[in-house]
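A short write-up of the structure that comes next.
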Amino acid sequence: MEITIKSLKFDADAKLVAFIEKKVARLEKFHEGQSDVEVTLSLLKEPANKNVKLKLHTPGENHIIERNSTTFEDAVNACVDAMKEKLTRSKEKSLEK
Numbered sequence: 002m003e004i005t006i007k008s009l010k011f012d013a014d015a016k017l018v019a020f021i022e023k024k025v026a027r028l029e030k031f032h033e034g035q036s037d038v039e040v041t042l043s044l045l046k047e048p049a050n051k052n053v054k055l056k057l058h059t060p061g062e063n064h065i066i067e068r069n070s071t072t073f074e075d076a077v078n079a080c081v082d083a084m085k086e087k088l089t090r091s092k093e094k095s096l097e098k
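Residues 2 to 98 (this note's numbering) are what the sequence shown spells out, left to right.
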């Protein structure tokens, strides 16, 4: 699994990048085969101004989750949890066919 992290209009520190890589790497358990993950971090003008967009590119499918929070860590956790659920549902649907 290849993980790409982009931060728009600011520089993400090493601790945040390490945290994101650790959390996103756990998604590998829920998806078999080759996949690429793109994490985009951005700041908004709202009170919950930290935005995280998680894109999982797999052969034949693309999954996209986007969450806002007051911290990037909370938004990353929410994205990863939602992606786990989405991958689990997708896997269950494919097994039913």
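For each residue, glycine too, the CB sits at the ideal point set by N, CA and C.
These numbers come from a predicted model, not from an experiment.
The DSSP-derived three-state label of Thr89 is helix.
Collapsing the DSSP output to three states places Asp75 in a helix. Nearest C-alpha to Phe73 among Ala13, Asp82, Pro60, Met84: Ala13.
With fewer than 16 neighbouring CB atoms inside 10 Å of its own CB, Arg27 falls in the exposed class. When Ser95, Ile6, His58 are compared, the shortest CA-CA separation from Lys23 is found for Ile6. Of all alpha-carbon atoms in Ser8, Ile66, Ala19, Cys80, the one lying nearest the alpha-carbon of Leu45 is that of Ser8.
When the beta-carbon positions are compared, Glu3 and Ser43 stay at least 9 Å from each other.
DSSP places Leu17 inside the alpha helix (DSSP H), whose first and last residues are 15 to 26.
In terms of Cα proximity to Val25, the closest of Glu39, Asn69, Lys94 is Glu39. A straight-line Cα-Cα distance of about 14 Å links Lys30 and Ala83.
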